[in-house]
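Each remark here refers to the structure printed beneath this line.
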Amino acid sequence: MAEIVNLDKQVKNKPKRNEKGQLLPGNTANKDGRPKGKTMKEFARELLMLKTDDAKLNWLKDIPKETLWKMAEGNPSNDVTLDGDLPFQIIVNKIEKKVEDKNKIS
């Protein structure tokens, strides 16, 4: 079911723009600014920073290899095919070895 929108309110709150579509001085498209408080990214970063190295390794072992690569290096471009022993595989192999070594010691 479609949500009913009050168009009068939208028109009233719409920022003023020039003929090129640029905002005029004193106008903003986001009058309230960024919401107060932590973003999810900030929250997750702080949570992970509090973990011990062992807890971080334990958490990382359940993360898919592709996600680990994106966490370490960012999203790869879409025009690249992933074959063979690429850098992300080296990182994943090192993490897996550390987890295996920890499990042998325990």
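Just so it is clear: in the sequence shown, position 100 is 103 by this note's numbering, and no numbers are missing.
Just so it is clear, CB atoms sit at the ideal spot from N, CA and C, and this is done for glycine as well.
Could you check the C-alpha separation between T84 and P28 for me, to the nearest Å?
Note that T84 has pLDDT 47, beneath the 50 cutoff, so the model's placement of it is unreliable and the number below is only indicative. Cα to Cα, T84 sits roughly 47 Å from P28.
Using a 10 Å radius around the Cβ and a threshold of 16 neighbouring Cβ atoms, would you call M4 buried or exposed?
Note that M4 scores a pLDDT of 49, beneath 50, so its modelled location is shaky and nothing firm can be said.
Where A37 sits in the DSSP three-state scheme
It should be noted that the sequence gives Arg, not Ala, for residue 37. Of the three classes helix, strand and coil, the one that applies to R37 here is coil, per DSSP.
Is the number of C-beta pairs between the segment 42-61 and the segment 98-105 that are closer than 8 Å three or more?
The segment 42-61 is in contact with the segment 98-105.
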